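Everything in the sequence shown is counted per the working numbering, starting at 344 for the first residue and increasing by one.
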Amino acid sequence: MNFYSTNDPGHKVSLKEAVIRGLAPDQGLYMPEKIPTLSHSFFEQLPQMSFQEIGYEVISALFSGDLTKNQIMELVDHTLSFDAPLVKVEEGIYALELFHGPTLAFKDFGARFCSKLMSMLMEGEERKIRVLVATSGDTGSAVANGFYKVPGVEVVILYPKGKVSELQEKQFTTLGENIHCLEVEGVFDDCQRMVKEAFLDKELNSNMLLTSANSINIARWIPQCLYYFYAWSKLPVKEKKLAMSVPSGNFGNLGAGILAERMGLPIEVFIASTNLNKVVPEFLEGAPFSAKPSVQTISNSMDVGNPSNFYRLLSLYGNDEDLIKEKVNGFFFDDNETGQAMKKVKSENGYIMDPHGAVGYLGLKKFMDQNPGEYVGIFLETAHPGKFKSVVDKVLGIDLELPERLNKFLSGTKKVEVLENDFEAFRSYLMNSNLHP
Ligand SMILES: *Cc1c(COP(=O)(O)O)cnc(C)c1O
Numbered sequence: 344m345n346f347y348s349t350n351d352p353g354h355k356v357s358l359k360e361a362v363i364r365g366l367a368p369d370q371g372l373y374m375p376e377k378i379p380t381l382s383h384s385f386f387e388q389l390p391q392m393s394f395q396e397i398g399y400e401v402i403s404a405l406f407s408g409d410l411t412k413n414q415i416m417e418l419v420d421h422t423l424s425f426d427a428p429l430v431k432v433e434e435g436i437y438a439l440e441l442f443h444g445p446t447l448a449f450k451d452f453g454a455r456f457c458s459k460l461m462s463m464l465m466e467g468e469e470r471k472i473r474v475l476v477a478t479s480g481d482t483g484s485a486v487a488n489g490f491y492k493v494p495g496v497e498v499v500i501l502y503p504k505g506k507v508s509e510l511q512e513k514q515f516t517t518l519g520e521n522i523h524c525l526e527v528e529g530v531f532d533d534c535q536r537m538v539k540e541a542f543l544d545k546e547l548n549s550n551m552l553l554t555s556a557n558s559i560n561i562a563r564w565i566p567q568c569l570y571y572f573y574a575w576s577k578l579p580v581k582e583k584k585l586a587m588s589v590p591s592g593n594f595g596n597l598g599a600g601i602l603a604e605r606m607g608l609p610i611e612v613f614i615a616s617t618n619l620n621k622v623v624p625e626f627l628e629g630a631p632f633s634a635k636p637s638v639q640t641i642s643n644s645m646d647v648g649n650p651s652n653f654y655r656l657l658s659l660y661g662n663d664e665d666l667i668k669e670k671v672n673g674f675f676f677d678d679n680e681t682g683q684a685m686k687k688v689k690s691e692n693g694y695i696m697d698p699h700g701a702v703g704y705l706g707l708k709k710f711m712d713q714n715p716g717e718y719v720g721i722f723l724e725t726a727h728p729g730k731f732k733s734v735v736d737k738v739l740g741i742d743l744e745l746p747e748r749l750n751k752f753l754s755g756t757k758k759v760e761v762l763e764n765d766f767e768a769f770r771s772y773l774m775n776s777n778l779h780p
């Protein structure tokens, strides 16, 4: 499979080049040159298949020309080493729980696939690779844990100072070894901008091999389509049309769902659910797309004002703005509405949602209320509520017990450097720091 840049369909590269570059040289996002359609018999067998079996089929359809059968199996087994249960929350509404991995957020899927694939593609290379990551919280922990002690890879994580939860921060800043953390005096979008600038800087790139493990990288982005197939396979109701609500920030997760749909998965509509960082819902309602500074909310992993996967969404629909507006509904909610939904679902259904999942739930409810009786709905529960314990405790008036694997991070010591909100400072950090002792 070759990959083209969303900025120039004529620019095509191999899987290895797309993964190692992360972002195309013209700043476009890489996209698979052809989206394979899965066979009718695959969809018939889907309900009987395991998560891993689904993974082999889907990844083979995309990458069988680039990887051996054994490599694909190893990659899928490593990625799908924990379950993604579909839980009934109320009549006609299901949560797809994506937080059963090592860092308790859906980003574990992409990070595990990405680290494994990069180490496969770098086999036999003498050069070390530096992975640059901007994070609003959960990417940092998933990538840090996915790449921790992977030979030949150094990871540099940039995050906005004071704007990620303590638990999130501890999950990546306490590891050390090949994981280097920079606390930036700015917001998430500043971190993302600095990382993008680094990829475009000629001198940096002639001195070192830089790549990205953000969802702009196809190795992070593509594997996220797998759990959409799995969710459908587990859905007990298949007669009704399916609405899938995705709580979104950078829009990689939603894009991966659309990829699954383009491969033949019968998802009738998507719901792009956001907090007050609402440029995409506004676009879907007819406004021109324009990036805005991000605002802080209780669903902080979605505090993104300039969603980097936006052009990927468009390109999945052949850059047809009418088509995307027909297939994707957008809704946004403020913190008060999010908290109210968490309370209501806890008291009426006994289900505890994290603030991100709650935004997904709200979007789904709104859509279902506008279309009564027609749909069955799934919202993605993107993180374990314990990851946002202080918010969840405060909203619900409880003292949520943390799972063991979260607790163990809390005892570690934070190791970080503070970085000015300035690309030159980042540049000189990369040029001067001895990242590989
Ligand atoms: C990253 C994240 C999101 C947003 O996902 P995108 O792919 O960036 O849209 C939602 N919820 C949680 C918990 C996250 O960590």
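Cβ atoms here follow ideal geometry from the backbone N, Cα and C, with glycine treated the same way.
As the structure is a computational prediction, the values presented were derived from the model and not from experiment.
Nearest to residue i (by Cα), restricted to the options the options
| i | options | result |
| --- | --- | --- |
| LEU553 | THR756, GLY365, SER348 | GLY365 |
| ALA726 | HIS354, ASP420, ASN413, LYS450 | LYS450 |
| SER384 | PHE394, LEU608, GLU763 | LEU608 |
| THR756 | GLN514, GLY693, ASP646 | GLN514 |
| TYR704 | LYS492, PHE674, GLU717 | PHE674 |
| MET374 | GLU360, SER637, GLU763, PRO390 | GLU360 |
| PHE490 | ILE378, GLY519, GLU625 | GLY519 |
| MET645 | VAL671, SER633, SER616 | SER616 |
| GLY371 | PHE346, GLY529, SER357 | PHE346 |
| PRO715 | TYR694, GLU434, ASP420, ALA701 | GLU434 |
| CYS534 | ASN548, ILE500, GLN683, LYS686 | ILE500 |
| ALA701 | ASN649, MET774, LEU358, GLU440 | GLU440 |
| ILE397 | PHE653, ASP426, ILE601, ASN521 | ASP426 |
| PRO336 | VAL622, TYR660, LEU657, VAL638 | For the chain, the structure presents residues 344 to 780; residue 336 sits outside this window and is missing. |
| LEU627 | ILE641, PHE653, MET606 | PHE653 |
| ARG470 | ASN548, CYS524, LEU423, SER776 | ASN548 |
| TYR571 | ASP369, LEU723, LEU753 | LEU723 |
| ASP532 | LYS686, PHE676, GLN639, GLY648 | GLY648 |
| GLU466 | THR516, VAL496, PHE442 | VAL496 |
| VAL538 | GLU509, PHE731, PRO503 | PRO503 |
| SER558 | PHE542, CYS457, LYS506 | CYS457 |
| GLY480 | GLU468, LEU510, ARG455, ILE472 | LEU510 |
| GLN388 | ARG455, GLU400, LYS377 | GLU400 |
| SER403 | SER424, MET606, PHE542 | MET606 |
| GLU691 | THR349, MET416, VAL432, ILE378 | VAL432 |
| GLN567 | HIS523, GLY595, LEU753 | GLY595 |
| SER393 | TRP575, GLN713, ASP742 | TRP575 |
Counterpart residues of residue i in DSSP-defined beta bridges
| i | result |
| --- | --- |
| ASN488 | Answer is none; ASN488 lacks a bridge partner. |
| ARG473 | GLU497, LEU553 |
| TYR347 | LYS355, MET374 |
| CYS524 | ILE500 |
| GLU433 | ILE436 |
| ALA448 | ALA726 |
| VAL589 | ALA615 |
| LEU366 | LEU372 |
Boundaries of the beta strand (DSSP E) in which residue i is found, first to last residue
| i | result |
| --- | --- |
| GLY353 | 351–356 |
| LYS758 | Looking at the DSSP string, LYS758 is not in any beta strand (DSSP E), and its letter there is neither H nor E. |
| LEU439 | 436–440 |
| LYS621 | No beta strand (DSSP E) contains LYS621, which DSSP labels as neither H nor E. |
Residue i: first and last residue of the uninterrupted alpha helix (DSSP H) it sits in
| i | result |
| --- | --- |
| VAL516 | According to the sequence shown, residue 516 is Thr rather than Val. Its alpha helix (DSSP H) spans residues 509–516. |
| PHE613 | Unbroken run through PHE613 is the beta strand (DSSP E), 612–617; no alpha helix (DSSP H). |
| GLU763 | Note, GLU763: premise wrong, no alpha helix (DSSP H); not H, not E. |
| VAL401 | 394–406 |
| ILE601 | 595–605 |
| HIS506 | Per the sequence shown, residue 506 should be read as Lys rather than His. Element bounds for LYS506: n/a, residue is neither H nor E. |
| LEU418 | 412–422 |
| MET465 | That residue, MET465, is in no alpha helix (DSSP H); it is neither H nor E in DSSP. |
| ALA541 | 531–543 |
| VAL425 | The amino acid at residue 425 is misidentified as Val; the sequence shows Phe. Segment: none, PHE425 is in no alpha helix (DSSP H) and carries neither H nor E. |
| SER776 | Run containing SER776: none; DSSP gives neither H nor E here. |
| HIS383 | 383–388 |
task = Entirely within the segment 552–586 and at least 3 residues each: give me those beta strand (DSSP E) ranges in chain order.
result = 552–555
query = In chain order, which beta strand (DSSP E) runs of at least 3 residues are fully inside the segment 625–691?
reply = 671–675
Alpha helix (DSSP H) segments (min. 4 residues) lying fully within the segment 682–749 = 698–713, 732–739
query = At a cut of 8 Å, does the segment 574–594 reach the segment 609–625 through at least three beta carbon pairs?
reply = yes
task = Evaluate contact between the segment 542–553 and the segment 563–570, counting only Cβ atoms and requiring at least three cross-stretch pairs below 8 Å.
result = no
task = Assess, as a yes-or-no matter, whether the segment 437–451 is touched by the segment 744–755 under the definition of 3 or more beta carbon pairs within less than 8 Å.
result = yes
request  = Examine the Cβ distances between the segment 397–417 and the segment 665–681 and report whether three or more of them are shorter than 8 Å.
outcome  = no
query = Are the segment 451–459 and the segment 481–496 touching by the rule of at least three beta carbon pairs closer than 8 Å?
reply = yes
inquiry  = Across the segment 459–478 and the segment 567–581, are there enough close Cβ pairs to call them in contact, namely three or more that are closer than 8 Å?
reply    = no
request  = State whether the segment 348–363 contacts the segment 522–530, with contact taken as three or more CB pairs (one from each stretch) at a distance under 8 Å.
outcome  = no
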